[in-house]
Structure formats: structure tokens, C-alpha cells
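What follows is one structure encoded as C-alpha cells, with my remarks underneath.
There are 4 protein chains.
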Amino acid sequence: MRTLTADAHGVYPIAPTPFFDDGRIDIASIDRLTDFYLSCGATGITVLGQLGEAPKLEHEESLAVATQMIRRAAQLPVVVGVSAPGFAAMRALTREVMDRGAAGVMIAPPNTLRTDDQIVGYYQQAVEAIGADVPFVLQDYPLTFSVQMTPGVIRRIVQALPSCVMLKHEDWPGLEKITALRGFEADGSMRHIAILCGNNGLFLDYEMERGADGANTGYAFPDMLVDVVRLSAAGEREAAHDLFDAHLPLLRYEQQPGPGLAVRKYILQRRGLLSSAALRKPGAPLTAAARSEVDHLLERLARHDARARLPSA
Amino acid sequence: MRTLTADAHGVYPIAPTPFFDDGRIDIASIDRLTDFYLSCGATGITVLGQLGEAPKLEHEESLAVATQMIRRAAQLPVVVGVSAPGFAAMRALTREVMDRGAAGVMIAPPNTLRTDDQIVGYYQQAVEAIGADVPFVLQDYPLTFSVQMTPGVIRRIVQALPSCVMLKHEDWPGLEKITALRGFEADGSMRHIAILCGNNGLFLDYEMERGADGANTGYAFPDMLVDVVRLSAAGEREAAHDLFDAHLPLLRYEQQPGPGLAVRKYILQRRGLLSSAALRKPGAPLTAAARSEVDHLLERLARHDARARLPSA
Amino acid sequence: MRTLTADAHGVYPIAPTPFFDDGRIDIASIDRLTDFYLSCGATGITVLGQLGEAPKLEHEESLAVATQMIRRAAQLPVVVGVSAPGFAAMRALTREVMDRGAAGVMIAPPNTLRTDDQIVGYYQQAVEAIGADVPFVLQDYPLTFSVQMTPGVIRRIVQALPSCVMLKHEDWPGLEKITALRGFEADGSMRHIAILCGNNGLFLDYEMERGADGANTGYAFPDMLVDVVRLSAAGEREAAHDLFDAHLPLLRYEQQPGPGLAVRKYILQRRGLLSSAALRKPGAPLTAAARSEVDHLLERLARHDARARLPSA
Amino acid sequence: MRTLTADAHGVYPIAPTPFFDDGRIDIASIDRLTDFYLSCGATGITVLGQLGEAPKLEHEESLAVATQMIRRAAQLPVVVGVSAPGFAAMRALTREVMDRGAAGVMIAPPNTLRTDDQIVGYYQQAVEAIGADVPFVLQDYPLTFSVQMTPGVIRRIVQALPSCVMLKHEDWPGLEKITALRGFEADGSMRHIAILCGNNGLFLDYEMERGADGANTGYAFPDMLVDVVRLSAAGEREAAHDLFDAHLPLLRYEQQPGPGLAVRKYILQRRGLLSSAALRKPGAPLTAAARSEVDHLLERLARHDARARLPSA
């Protein structure tokens, strides 16, 4: 059974949506990506997230992408992003992907929410819409969504809504938030949920030490994320940091809002996983200067991590 | 032919979406509303706008509502709101409603746009997505969308995109903006477009005097809007103001963001046009206190305008 | 004794800062305004508010304006706006104006606050800065400050901070908020505070009926506000609405953000209270078109309220 | 003569304001910091910036801090942050610090600006207020100020206002912006200005390669910034990256909004430059967990850079 639960841990890569240069969806690359995630030790996959270019897909395309990945991922739980401007669309997409075998859904807050009550109320309504039996991931990404959830608000959501099983933690700064949430679990005021970290893993090294269960992000070297999570869990602290630090210059570069997704797709192409680095409009390709900076970063990284030794694009 | 052009004028009511108490769409009320718009002198209709609860409709429902109104409205041009988080969904809905006879579409800016170039670029991409042959209405509503378009930005859009034929003017304050745009037309730096005013018509009295072509808003007395536009165009200034001022206390009350739509539906129900005042969730019905305030406002209005003399709800 | 308490009621006009055409402060007009407020039945005065052009004053000027009004107002309590980007400046100004006889201070939230805890925390820190013995007015104006305070948050502030004695209520929509706060008082969960309404009085008619204690706003006819508050308190409901409705077209015009202050100063000049309608930069004077619209509104108002029968500017 | 010009280059550290544990200003630490900046090769200093806790200082304190640093810095140009909610306060502070020998001032945009014209207009008014003879630094930090300036808007400001001599570049992402601005200089459409990079130097490595003139940020190892700028200018590309990369884990940690300043002060205290790491309220000290993370980062950094080998706090 592949139902998302609060025991989730490890690395759930955020899958990009592969396109051909002409904008059509590239099914073979979806399969290649999925196989790669399986082979490198991912414990789940998230599709149609913020960086999966979901809003650029027509409804049937979204379904096709999610379905393809769910089928290909065999035993791995696949979480599908269903954030939508209205509950009707959210409910419809949720129903369809759960029918096709999704393990759960991810819901980001609309950027109009302000007060604590508005945030809690929104998730209550969302659960009413999608059904209380569908496990969901709470996405906490203030930098992108402009919605600030305090630890207390997250606790209110977790306590009110049993189907909330995982936090995609991408607050920034966010280390104290993990400590606060784990403190709530320790003092019995909040049940346990999985905390997997996003924000391209920019603080994954210390997030693991604060009590995170893993990563849920799209960095182009998910195999590094898997290693860092494993080393950290195994208590090999300095080894985890050494590997993480070697990747940090590139990871930081990929974490830039806007061009970051083009960087990611470019690297995934160089890694042989995507046949094209194309984004759908209005996404722009990397400039020549940026491409050469990424090449330089990969070259420098390759001194420490052989996986970055790649053929030219 | 019912294609929206820059010669549009008069009153295009923003149609609410009628629901039964249980949330199902109420087709008979759509017909009743449409017939009423026709009978009171509307020159067009807009459906699936911000206050048409569009995000609460599933895709097939949106289509059904738009199609029903297009058919029923016979010769009147019907504009359909197609704002969407992505261009793919916008293109899909546009294609479908244009195929069914819509006169044009209305596009609001996403609230993430900030710079002038971002705004202009967004509309260029939108037109690329929906096709340059589809006439569109530029919705300028900073209070709701947090996007501020200067007159210069509107001119850039109008000059770059011939399919932009109408401005739904709801900036606040907005009188000088109309003057500035008409000034651009006068000095030859911008071609003529229709300017129809929204924001519940809160400044319609003086907007007409500044050069607006009419109203494009959802106030529950579109028949009053039609009269004010007609009187103003006929030079009957004080008569236009007298009628407008009589409605202003109620109009202001209905213009409140949030409960405003419930006020509107409640009045339309009292007018016999909607069988129910129900909103879909998360919309809330009026409180008893608010309902009695609206009743009071209607009673006071009835002293000046017999159309407000209504049976109890 | 003129210390602000939770028993405050009636009308506290928001005083504009009078300038000469060359930008110097016009002390004689301050005196004239103050005398007028006294004569027309105001029960207090607020200076250096958002629309008192406070940020355009140098520190010594702010002090001079506040001091002049405090002295002239004799027995009336004068509240001074002390909102500042930092607590050091807030503390310094508070100390100075309280020494000079201010009745209390008004504090608006910085527009960076988002969560409930941030808002409550901000006011706790502010009170720590200015001293728990200084009565303060909580300004709740989301339209301008982008900070949304739920009734629950206001209750937290009131309960935690005994020196919070008054709410400047300018939320929009805001009627249900007054009902909720008075409900907290009725159920014993919040102590009583004064609620005086701002937002140019746009909903003063029904706000009084919901339980407000009066008005705290800068509309150019504070004498009308005094009458409406008095009539409403005396149970003369229709008379209160008749007077209010007669002013609503102009009041709405003056309530526009941006040009509204120029409208207000222009009317106060026409009423003989200000020697000049000048704003300090970057404030712009009214355009000729706007001025003639205000003249027209005054002319129409004069048919119902003789106080609007004014000599030309 | 120490007047800021468009030829500025190198490293202008952003100086923190040193406090004792009880909140009083620590003059001896100001001197120690200044001497350190001089000794490590800084080419200028900026005081009272966003991270100098300027809003927490009373006016006389601000002046005292700036004056102390100006005197101590001998020949180095000192830039003073004068951002204020109103032009009156900005003008007053500017006058005072220029009289005391400041080389120029830095002005950040208020977070209410949206359109291109509003941004340009704001700087025009600011220059009118402070005087066209005072050189100023344009601070471009959208992450903190929510104001987005396109390269075109910066060009408009530079061309309209000759006293704009430097850009504090902290847009994120920002590499292409440097390329665009240098492109404007190359094509003759914009005169040359200094571009010094902020945002804690997170992209300083590639910003230098894109054409930046140096750094203007507060990272606790300004001596590293000086080395990177020097190595980069000297064409020692890999050496510059090696040093930068060694610092990146710590630099990223210090760049966190909120706790970042406490991190910085803690490190400066460990370096013996500040006698206390105290922040004024509402600033919070580092948690024990955070402190131990910083210690860990320093320890790891010390393997590559002996300057990080510090006695315990």
C-alpha cells in the first residue's frame, strides 16, 4: 500500500515536468527521471509542485503527468500538488489522482491569507472539499506564498485535521520552527507529523539535526540529498556536512527564485535524465552567462563528488 | 454579430452565479437574470467574474453557466472571465467559450505582478496564449489584485495588443485615470478603447462626466446604472446625480469586500430574480444584523425609487 | 484632568496640519481649527495622525503642532499619533507630548506584521517602550496598513495591555467586528474599551447602531459627525440617516486614498478654517476637474445642510 | 576629501551598532570595529543601515554613532543610511551627518512603492529634500523592501539624478541585473555608477565576474570579502572561489533574515571586535542551538581559513 502517513521520511524529490523543445510533454523523460529516483534511494516522489510548472499544464496534461509517474514509480508513494484558486478544482483534481493511485496530495495556501484564523479556516475548508480520508501535505513556504504560519498555527491545523500527515517545511529562517514543532510533540500538545524540508535544501544539513525527517525538494542531485539524510541519520555528522558543503555553491545557485528551475533542468539534462532543458512559457531558458556559471560550478563540484563529472550539454 | 469591440458602451452587468440552497447551479435563475438584464436595457453581460464565484465552479460547471447565458442573451455580447493561474487553463477556457459564442474574455492580472514590464509582459503572454483574434477586457482593480497599472502602462498594453478593446476600470481613486486615458486618445498617443466602470459603481456619477462609456459592475440595481448612464449621456446632470445619490447608501453597503456578494444576492433574491441567496463555500450568508440593515436601506431607498419597494424575503 | 480612558465617546476629529502656501506651518489656522472643534461639540481631538501629514514634519515641528493644539484645546483630551519605524523614536515623542499635556497616544501597526503573535507582540513591545502608564489608541486600519487584526487579536491586546483604552476602528468591512467586540464585552471575555470609528465615517450610520461610541475621523464636516452621533445615541434613527445620507456623496469623495486629504483641506479652506489648502510635498493639490467636482458636491449638499453653503474659494 | 563618487569600489562593510548588554551604545566597540575595517583593507564604511538597528536609536544616538565612526575612520568615506518614513526627517538627518563629514547617504525605498513612476518619483523627491549636492546610494533590496526596480527604472533614476553615484545591489536573483546595467553603460544609455553588492555577499563570487565593483554588506568576515574582491579583480578566479566557497556555509547561515544579525554580532564578539553580542529589543539573542551551530560552522571554516580559529565566547 502506498498511502502517505506521518511516518514518511527520507527524500521525496520534487519532480520537474519534462518538455520537448517544442513544449510537448516528454513521457520518456518522465520514465527516466522516475527510474533514477527509484535507483538513487528516494522514498517517495512529489509531482505537480510549484516547480513542476503545474499552472502551465492543461488539466488533461496534469493528469497524464501524474498518472505516468504513479505507474512508473511502482511501490513508491507519489504525492500530487493540487493547489488551486478554488476548492472545486482542488477537489476534482484530488479525486482523479487518488483514483489513479496517488499516495496523498500537497496543498499550498493562497497568498491572500493573513490572520491565523484565515489560515486554519482555509485548510479546514480544503479538507472538507477533498475529503478527510485523503492524506495531505501542508506546504509552508512564506518566501513564495507570502503566508506566514507560526508553529502554533501549524499545531492548530495538525490537531484539527487528522489527514494532515506531513509538513513540507520551507520557511526561512526555519531551524527554530522545527525545534518548536518537535517540542510540541515532546510536550504532548501535537501529534507526530513527518517534516520534510524544501527550499532546495539550503539548510538541510542543520535541519536534519533539528529533527527533520528528510528532504522534499527538487535539487538536481537528489542522490546527494539521499546521502546527506542517510549520513545524518547514521550520526556521521562531519561526513554529512562535507558532502553538503561541496554541493552548497551549486545548490545556492539553483535555489534562486525565477532562473532556478532553468538551472535545475539544465543540470538534469546534462545528467542525461531530461532530453531537453526546455521550460514552457513564460519560463525563460538560461542565458549564456548563467549556463557557463553552472558549468563552472559543476566542474568545481566534480573535484569533490564524481557524480558532477558530466558530459557537456 | 456579437464580438466585443472598442465601441462598447452602456451597462454590462457582472452576473452572479445562482445556486440553490444546496449548492447546485440554478439554471432557471440564470435565465431569469438574463431576461432581466435584457429587459432593463443592458448592452452586454459579463459572467464568471471575480464576484461570479468562478473559482468555486468545476470546469464543466463554468462552461455550463457561460453557455446558458450566452444562449439566453440572444443578441447581447457576453464577456467571460478567464483569469487563471496559468496560461494553459486560460487558453483552454477561452477556446471553449469563444466556440460557444462569447463576445470576448476578461483577464485580471495575477497579484504577483509588480513592475510595469511585468504587467505588460503578462498581457502579451496572455494574448499569445488565447490568440490575438480574441477581444479581451483589461481588468484594472488594484484594491483586489494588488497590481497597480499607471495610465502609461495601460497605454503600452493598448498600443501593443490590438485585441485589447475595453478597460474594466476599477481603480480607486480613479477619476484622474479616466481623464489621463482620454487625454492619450486626444493627443493621438493611444487608440480609443471602451472604458466601463466597476467597483460597484461607487464613482459612476463622476466617472461618466470624466469620459467613461458606462458601467461594468454587479450592483443589484443594474436598472439604476442604466438610467444613470443614459441621463448622464443625455446631459441631464442633476437628474443623474439625484438618482445615483438615492442609491448611494445601499450601493456603498453592497460594495464592501467580502460580505458584499451576499448583500447583492440577498437583494436579487428579494427582487425575485434569484430563487436563493446562497453562496458556495467558503462564502458566508448575511448575518441577521446585516440582513436587517439591508432591509432598512431598501426601505429608505424605496422613498426615492419605487424599484426598491420589494416584498419581504 | 484630560487623560484618555475607555469611557471616551462622541467625536474626536483627526486634525489636519495647516500649512501656508509656502509650506510653513500655519499656527493661526491650528487655533481656528481647534476653536471650531470646541464650538461644534467635539469631545476630543487627534493630531499627527496618518492624514495629519506627520511624516512630513521635522521633529520640532511635530512637537510644536501638538503642543499648540493641546494648549488651545483647553479641557479637551488631545491624542497624538506616535507611530514610528522604531520604538526609540516612539518613546521619545510619547514622552515629549505627554509632558506637554497630551491625553494619550495613537499607535498604528507597521505594515510588516503578519501573524497574530507578531501583532500582539508588537503592541507589548510598544507599551514597554512608551510606558504602561500612557493610555493608547489601537489603530486598526487594514486598508492602509495591510495588517489584519481579528476580533480575537484585539481582545488579546486589550486583555494583555491595560493601557489600551480605545480602538480607532477603520476596518472595512467592519460592522461585524464591532458586534464581535461588544459580544466579547457582554460575555465577560474582554473588558470595555471605547470604539470610535474612522475611515472617514463611511459606515458611521450603522457603526453607531452596532455599538460604536462615536467617530474619530477627519471628514471636513465634523459638525455633521457630531450631529449623527448625537441623533443616533438619542434614538432618532431616521433623522440620523437622513443627515448622514445627505453628506454621503461628498464624504465618499473625500474618503478616496491619495487625493482625499487635498479634498478635505480644500473644503476646510472654503469653510474659512484653513488659510490655505496646501499640502507639503509629495502631496499634490486638487486638479481643476476635482475641485469643480467638490464644488458641485457642496452645492448639492447645501440643499439639505445649510452648513455646506459656502463662499467660493 | 572623502566624497562618495561613482568610482567607489572595494569593500564597504555595513557596520553594526554595538551595544552593551544593558542596551547602551558601546563607543569603544565602534572604535575597535572601525580600526578593524581600516586594517583589513575596507575602502569605505556604511553605518545606520537596515542591519545597523537604526530604527532602534533615538535621533541623538544615531548622530553620535555616525559621528564617532566618521571621525575614527580618518580618510575612509563613510556612508550613512538616512531612510525615513518622511522627507523632513530624511533631510534633517542628511544635513546633520553631511555637516559632520559623511561622504554620502543611502536611501532605501518605502515598501509602499509599486509602479515604475512611483519609484522614480520617490527618488526625485528625496533628492529635492536632501539637496542635489549630496551623493547618494540607491538601495535595491526587494526581498526586504518589497519594491522591485527593473534595470530600466534604475537607469531612469541614474540619468535623472546626477547625485546617484552608487547602487547597493541586493536583488535576488541579481546576476542578470548587473549584466543589464553594465550593458546600459556600454551602449551609452546610462552613465557609469559604482555597483557594490549586498545581501550578505551570497553571490559575490559571480557578481564580481558580472561586473560588480565590490561588496557593501555586513558579513562578519569583511576581511574575506576584501580578499575575494581582490583575487577576483586580479583574475585569480579559482582562488577567489576557493576562499568564497569555504565561507559559504557560514555566510548562508548569517544571511537568514531575522536571526542573521544576532549571528553576525555573535561572531564579531568571538572575533574580539564587539564587547557584547546584544541587540536592542525587539531583537532576540541566538538560541543555544543556533549558537552551537555557529560554533560548528566556525570550527569547520577554520580548517580552510585560519581567521575563523577563535577563542570561545
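Chains A, B, C and D are the protein sequences, given in the same order. By the working numbering, the letter at position 144 of the first sequence is numbered 144, and the numbering carries on one by one without gaps. The number in the working numbering is simply the position in the second sequence, starting from 1, with 1000 added. The number in the working numbering is simply the position in the third sequence, starting from 1, with 2000 added. The number in the working numbering is simply the position in the fourth sequence, starting from 1, with 3000 added. Each residue gets a CB set at the ideal place from its N, CA and C atoms; glycine is no exception. Since we're looking at a predicted model, the values are computed, not measured.
Closest by CA to residue i, which one among the options?
i, options, result
"B:W1172", "B:P1249, B:N1200, B:G1049", "B:N1200"
"A:T287", "D:K3177, D:V3080, D:D3022, D:L3273", "D:K3177"
"D:V3082", "D:I3070, D:R3095, D:A3073", "D:R3095"
"C:L2274", "C:T2005, C:L2004, C:I2027", "C:I2027"
"A:I17", "A:P162, A:T112, A:L261, A:D242", "A quick correction: the sequence has Thr, not Ile, at residue 17 of chain A. Looking at the Cα atoms, A:L261 is the closest of the given residues."
"B:L1268", "B:L1202, B:F1019, B:V1080, B:P1109", "B:F1019"
"C:A2064", "C:Q2256, C:R2024, C:R2291, C:R2002", "C:R2024"
"A:R156", "A:E128, A:I119, A:V137, A:Q125", "A:I119"
"D:L3315", "D:P3055, D:D3205, D:C3164", "This structure leaves residue 3315 of chain D out entirely; chain D is present only between 3001 and 3313."
"A:A8", "A:L76, A:L48, A:P55, A:E60", "A:L76"
"C:V2097", "C:E2254, C:Q2068, C:G2010, C:R2291", "C:Q2068"
"A:A126", "A:F36, A:G41, A:G44, A:V105", "A:V105"
"D:R3280", "D:T3003, D:A3054, D:A3006, D:L3093", "D:A3054"
"C:A2218", "C:P2257, C:E2236, C:E2185, C:V2147", "The sequence as given places Gly at residue 2218 of chain C; Ala does not occur at that position. Of C:P2257, C:E2236, C:E2185, C:V2147, the residue nearest in Cα terms is C:P2257."
"C:L2164", "C:Y2266, C:S2276, C:I2107", "Residue identity check: residue 2164 of chain C is Cys in the sequence provided, not Leu. The candidate whose alpha carbon is nearest that of C:C2164 is C:I2107."
"B:E1293", "B:V1263, B:R1303, B:P1151", "B:V1263"
"C:L2033", "C:L2301, C:P2151, C:R2270, C:A2186", "C:R2270"
"D:P3151", "D:R3237, D:P3110, D:V3080, D:E3185", "D:E3185"
"C:A2074", "C:T2003, C:T2115, C:D2022", "C:T2003"
"B:P1285", "B:D1021, B:A1015, B:A1006", "B:D1021"
"D:G3044", "D:R3114, D:N3111, D:V3137", "D:V3137"
"A:A289", "D:F3203, D:R3210, D:P3311", "D:R3210"
Return the Cβ separation of residue i and residue j in integer angstroms, given the expectation that the two are a contact with Cβ distance under 8 Å.
i, j, result
"D:V3158", "D:R3191", "6 Å"
"C:D2140", "C:L2167", "6 Å"
"D:A3240", "D:L3231", "4 Å"
"B:L1248", "B:L1297", "Going by Cβ atoms, the distance from B:L1248 to B:L1297 rounds to 10 Å, so no, they are not a contact pair."
"A:E58", "B:A1088", "4 Å"
"D:D3213", "D:L3196", "6 Å"
"D:V3078", "D:V3229", "With a Cβ gap of about 19 Å, D:V3078 and D:V3229 do not count as contacting."
"D:L3048", "D:S3062", "6 Å"
"D:P3013", "D:A3042", "5 Å"
"D:D3305", "D:A3246", "6 Å"
"B:R1100", "B:I1130", "Contact flag wrong, Cβ pair sits at about 15 Å."
From the DSSP output, which residues share a beta bridge with residue i?
i, result
"C:Q2139", "C:K2168"
"D:I3319", "Nothing in the structure corresponds to residue 3319 of chain D, since chain D is present only between 3001 and 3313."
"C:G2010", "C:G2214"
"B:M1106", "B:G1081, B:V1137"
"C:L2196", "C:K2168, C:G2214"
Enumerate, from N- to C-terminal direction, the unbroken alpha helix (DSSP H) stretches of 4 or more residues contained entirely within the region 2201-2233 of chain C. 2204-2210, 2222-2233
Where the region 3114-3131 of chain D meets chain B: residues whose CB sits under 7 Å from a CB there: R3114, T3115, D3116, D3117
Counting only runs that start and end within the region 2045-2101 of chain C, where is the beta strand (DSSP E) found for 3 or more residues in a row? 2045-2047, 2078-2081
Give me the subset of the region 3055-3067 of chain D whose CB atoms are less than 8 Å from a CB atom of chain C, sorted by chain position. P3055, K3056, L3057, E3058, H3059, E3061
Quick one, which residues of the region 3015-3037 of chain D are near chain C if we go by CB-CB under 8 Å, in chain order? none
Given a limit of 9 Å on CB to CB distance, which residues of the region 3146-3157 of chain D reach chain B? S3146, V3147, Q3148, M3149, T3150, G3152, V3153
Residues of the region 85-107 of chain A with a CB closer than 9 Å to any CB of chain B: list them in chain order, please. P85, G86, F87, A88, A89, R91, A92
Residues of the region 1237-1265 of chain B with Cβ closer than 7 Å to any Cβ of chain C, in chain order: H1241, D1245, L1248, P1249, R1252, Q1256, P1257, G1258, P1259
Would you list, in chain order, the members of the region 3199-3220 of chain D that have their beta-carbon closer than 9 Å to a beta-carbon of chain G? In summary, chain G is missing from the structure at hand, where the protein chains are A, B, C and D.
Against chain C: residues of the region 1160-1172 of chain B by CB proximity under 9 Å: W1172
Listed from N- to C-terminal order along the chain, which residues in the region 3273-3290 of chain D have their beta-carbon within a distance smaller than 7 Å of any beta-carbon of chain C? K3281, P3282
Residues within the region 172-192 of chain A neighbouring chain D, beta-carbon criterion of under 8 Å: W172, P173, L175, E176, T179
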